[in-house]
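Asker: Residue numbers (the working numbering): 456 to 880.
Backbone N, C-alpha and C fix where the C-beta goes; we use that ideal spot for every residue, glycine too.
Small disclaimer: the values here were computed from a predicted structure and weren't measured.
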RNA sequence: GGAGAAGUCGCAUAGUGGCCUAGUGCACCUGCUUGGAGAGCAGGAGUAGCCUUACGGCUACCCAGGGUUCGAAUCCCUGCUUCUCCGCCA
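#1: So for residue 719, helix, strand or coil by DSSP?
#2: So does the segment 746–756 actually touch the segment 669–683, counting three or more Cβ pairs closer than 8 Å?
#3: With DSSP run on the structure shown, which of helix, strand or coil describes residue 713?
#4: Please name the residue in 733, 808 and 817 whose C-alpha comes closest to that of residue 843.
#5: Just reading off the alpha helix (DSSP H) that residue 646 is part of, what are its end residues?
#6: Are the segment 749–768 and the segment 546–555 touching, with three or more C-beta to C-beta distances below 8 Å?
#7: Would you kindly report the start and end of the unbroken alpha helix (DSSP H) that includes residue 750?
#8: Using CA atoms only, rank isn't needed, just tell me which of 776, 666 and 839 is closest to residue 639.
#9: Provide the residue(s) that pair with residue 419 in DSSP beta bridges, ordered along the chain.
#10: Whose C-alpha, out of 530, 710, 561 and 557, is nearest the C-alpha of residue 785?
#11: Are three or more beta carbon pairs between the segment 794–806 and the segment 588–598 nearer than 8 Å?
#12: In the DSSP assignment, what residue or residues form a beta bridge with residue 655?
#13: Helix, strand or coil, according to DSSP, for residue 673 in the structure here?
#14: Which stretch, first to last residue, makes up the beta strand (DSSP E) that contains residue 553?
#15: Taking DSSP's pairing of strands, which residues face residue 698 in a bridge?
#16: Going by beta-carbon coordinates alone, are residue 717 and residue 671 separated by less than 8 Å?
#17: With DSSP run on the structure shown, which of helix, strand or coil describes residue 600?
#18: Give me the Cα-Cα distance between residue 648 and residue 626, rounded to the nearest whole angstrom.
#19: Which residues does DSSP list as the beta-bridge partners of residue 845?
#20: Would you say residue 769 and residue 624 are within 8 Å of each other, going by their C-beta atoms?
#21: If you follow the beta strand (DSSP E) that residue 737 is part of, which residue opens it and which one closes it?
#22: If we require 4 or more residues per run, which alpha helix (DSSP H) segments fall completely within the segment 474–510?
#23: Per DSSP, residue 800 is paired with what?
#24: Could you check if residue 461 is buried or exposed, using at least 16 other CB atoms within 10 Å of its CB as the buried criterion?
#25: Of all the options 813, 816 and 763, which has the alpha carbon lying nearest to the alpha carbon of residue 805?
#26: What residue range does the alpha helix (DSSP H) around residue 688 cover?
#27: For the segment 557–601, list the alpha helix (DSSP H) runs that are entirely contained and at least 4 residues long, ordered along the chain.
#28: Taking the alpha-carbon positions, what's the residue 856 to residue 568 distance?
#29: Whole-angstrom Cβ separation of residue 779 and residue 475, contact assumed at under 8 Å?
#30: By Cβ distance below 6 Å, which residues in the same chain neighbour residue 882 in space, the five residues on each side in sequence not counted?
Set out below in structure tokens:
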């Protein structure tokens with residue numbers, strides 16, 4: 456969320472940001488609510504001050520054995536009046552919060568203004584999209600031929616949009632997770648975290664999934680808990696309601712979690728294979744940093760994610776999202792897309808974002824410097840490093856050979872007992 | 001799942017309806033003192049919001065949310081968390 460004072464003083468900037476992000480926002484309506492709010496608060500606080508004074512007086516009178524009967528009667532009336540105004544305050548607060556929690560973060564000034572994907576900019580390409588000298592098969596075909604993926608049985612167990620990995624398929628998944636976690640913890644300086652996969656409402660609000668995206672989340676029926684759509688939620692909320700010490704920063708965390716997404720509203724899209732599944736594994740990178748370093752930290756985070764893909768000998772491109780494609784909480788975001796020659800698509804496997812102080816303000820994450828200054832909000836960032844399922848698509852489709860086998864990239868072989876190829880039977 | 005106990009200012013504690021807008025100790029910051037440090041002495045410190053050009057004032061916050069009362073850290077209800085015991089278990 457944004458600073459309320461900032462919204463009050465810069466309504467035009469907020470209006471423009473919302474427009475650039477394609478978010479409908481009634482800023483003028485908010486300014487009216489805000490004005491009403493301050494008037495109500497002034498009124499009710501004056502009455503409360505009076506009440507406090509008189510209550511004190513009653514206490515003293517009783518001690519002196521005087522009879523404060525009349526004062527008590529008048530205070531009874533005053534309390535009722537206060538209750539009435541407080542009901543109005545409560546109603547106003549609800550509207551106030553509704554608005555504030557639905558204001559998107561401001562895009563960074565370097566972010567291109569545009570409506571959607573067509574306005575995104577390719578920052579760089581890495582590697583040449585591999586050309587096979589045979590007709591490239593899709594990962595669905597490859598996986599089923601090798602008996603390492605079974606979508607039919609996954610549907611039987613859970614429904615469409617789920618995957619079942621088997622034998623070396625399951626082993627490949629585990630190898631990738633271990634490889635990525637090792638890389639980030641040993642080479643990139645991240646601390647490994649293994650968080651809960653169910654989180655409470657507060658955490659979902661903290662990182663910005665709620666209130667906007669509730670219908671995209673899996674929610675438990677009997678408890679106010681949600682299945683995490685990404686490790687970003689539990690990991691960023693590790694420091695919710697904390698004041699960190701300046702010299703603890705920057706904090707780098709990496710976490711493997713499964714991720715759960717309803718994908719409501721995308722029915723009929725990418726129904727085959729691993730492209731869009733309700734449950735997938737991901738290694739996430741999360742940072743807590745000082746405000747002045749956050750955009751440099753974003754570049755580093757992006758590079759850390761790219762390293763994974765380079766090591767796996769896949770080609771990719773980095774996209775800088777335009778304002779219209781930027782998520783609610785992000786001020787700047789890069790996507791990494793892999794080329795999948797079988798399904799002939801670019802696949803998003805990582806989204807690296809700077810959220811500036813937007814999440815920190817919601818989750819109340821501050822830091823304090825030695826100089827005795829007031830605590831300030833940290834900046835938070837995160838990015839996938841990287842998402843599986845789609846990564847597996849690329850590995851199968853890029854490293855397939857004419858006879859239907861799949862070569863294992865060298866970096867992964869130590870995690871596969873030295874195996875260098877998944878052979879067809 | 002059942003029974004019981006507890007959650008107070010960074011930490012430790014005091015506080016069982018008005019003297020608590022929370023006392024004390026430790027830690028912290030600023031002075032004084034000192035060659036310098038320590039000790040000692042004096043003072044100051046939280047978060048959020050509202051009002052004010054400013055100095056400053058006010059409101060709220062004793063796990064959270066409700067309630068009783070003229071008045072709640074204190075009484076009542078619900079929830080959360082922690083601890084102890086029992087049950088059930090990977």
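Answerer: Looking at the coordinates:
#1: coil
#2: no
#3: strand
#4: 733
#5: Premise fails: residue 646 lies in the beta strand (DSSP E), 646–648, not in any alpha helix (DSSP H).
#6: no
#7: 749–766
#8: 839
#9: For residue 419 there is no data in the structure shown, the boundaries of the chain being 456 and 880.
#10: 561
#11: yes
#12: 680
#13: coil
#14: Residue 553 -> not in any beta strand (DSSP E); alpha helix (DSSP H) instead, spanning 524–555.
#15: 821
#16: yes
#17: helix
#18: 22 Å
#19: Beta-bridge pairing links residue 845 to no other residue.
#20: no
#21: 734–744
#22: none
#23: 795
#24: exposed
#25: 763
#26: 687–691
#27: 594–600
#28: 42 Å
#29: 7 Å
#30: Nothing about residue 882 can be reported from this structure: the residues present for the chain run from 456 to 880 only.
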